[in-house]
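Residue numbers (my numbering), protein chains in the order written: chain A, 12 to 166; chain B, 6 to 141.
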């Protein structure tokens, strides 16, 4: 089933995320990051951070949760079992750090056919609860074999 | 604070210290838990084979996390990283070693563009067209 183009640009309800130190350490360990600034508060402060900073790709944790809200919309018509991760981009306004209370709002930024497949870009805007921009995350997914047949589209 | 690059010496063509990780199945299970990405193709051979894969494969974002480590370590500060982008171009399985490699592509004042990729032992690119914008 092709993706529902009418939903491009629609923002879904935000998820809330409170950033804890142990979660940041756990994620840093999971990617093999041992630099003390990601683990030790004194080292982080000495490096000029108000608290433990997240490693740059930590923002994907919020983007995954915001994405679940988007992909879970039956109106979108995304079959997640057909999905392959194509590209990933993060634009950072400031590092995520321990103690942050964040909101992550997902939207379908684009959906287009590419041969027999479709490309979907999920954009997640991460801000503080007060509205300070933190990170913009873009994940481009390839939905295999779901493009509408071209001969039937009249195009 | 970590030792970091000296901005006054950064030049186009400089290479970043490589980061290499041999990927074990436990690493993928740990990454699944830490990231919240529990797609079974990253931990169940049975399910991975049922969808046509040779067995479990690493999360693309696990590989990107390792490449981002290289970039942040070179910059010495995660706050210096302003943008990161990659294309996922091949799968990598447990037992293989992923190596991230990067090079300074542009220097404009305090703004530096690094191009990077990550490859397996055969030199096949697992991450391709990586770009990192840094403010040093």
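Think of the CB as a built atom: it goes at the ideal place given N, C-alpha and C, for glycine as much as any other residue. A quick note: this is a predicted structure, and the numbers were derived from the prediction, not measured.
Residue from the options whose Cα sits closest to the Cα of residue i
i                     : options                    : result
residue 17 (chain B)  : B:78, B:109, B:32          : B:109
residue 139 (chain B) : B:41, B:20, B:124, B:111   : B:111
residue 127 (chain B) : B:71, B:98, B:141          : B:98
residue 78 (chain B)  : B:15, B:14, B:21, B:63     : B:21
residue 68 (chain B)  : B:84, B:29, B:52           : B:29
residue 95 (chain B)  : B:63, B:119, B:116         : B:63
residue 59 (chain A)  : B:107, B:85, B:100         : B:85
residue 114 (chain A) : A:139, A:62, A:129         : A:139
residue 97 (chain A)  : B:83, B:39, B:132          : B:132
residue 120 (chain B) : B:100, B:113, B:129, B:107 : B:107
residue 89 (chain B)  : B:50, B:103, B:10, B:66    : B:66
residue 105 (chain B) : B:23, B:83, B:27           : B:23
residue 155 (chain A) : B:12, B:35, B:56           : B:56
Per-residue DSSP class, three states only, for residue i
i                     : result
residue 22 (chain B)  : coil
residue 116 (chain B) : strand
residue 27 (chain B)  : strand
residue 154 (chain A) : strand
residue 23 (chain A)  : coil
residue 80 (chain A)  : helix
residue 107 (chain B) : strand
Start and end residues, beta strand (DSSP E) containing residue i
i                     : result
residue 103 (chain A) : 94-103
residue 130 (chain B) : 130-140
residue 124 (chain A) : 112-125
residue 197 (chain A) : The first residue shown for chain A is 12 and the last is 166, placing residue 197 (chain A) beyond what the model contains.
residue 92 (chain B)  : 86-93
Contact belief for residue i with residue j at Cβ below 8 Å, rounded distance in angstroms
i                     : j                    : result
residue 41 (chain B)  : residue 75 (chain A) : 5 Å
residue 135 (chain A) : residue 73 (chain A) : 7 Å
residue 132 (chain A) : residue 25 (chain A) : Actually they are not in contact, since the Cβ atoms of residue 132 (chain A) and residue 25 (chain A) sit about 18 Å apart, beyond 8 Å.
residue 10 (chain B)  : residue 80 (chain B) : 6 Å
Residue range of the unbroken alpha helix (DSSP H) whose run includes residue i
i                     : result
residue 71 (chain B)  : 65-80
residue 136 (chain A) : Per DSSP, residue 136 (chain A) belongs to no alpha helix (DSSP H); it is in the beta strand (DSSP E), 128-139.
Next item on the list: Check distances from the C-beta atoms of the segment 38-68 of chain A to those of chain B and list, in chain order, the residues that come in under 9 Å.
Entry: 38, 39, 40, 41, 42, 43, 44, 46, 47, 48, 49, 54, 57, 58, 59, 60, 64, 65, 66, 67, 68
Item checked: Near-chain A residues of the segment 63-93 of chain B - C-beta to any C-beta below 8 Å -> 65, 66, 67, 69, 70, 71, 73, 74, 76, 77, 78, 82, 83, 84, 86, 87, 88, 89, 90, 91, 92, 93
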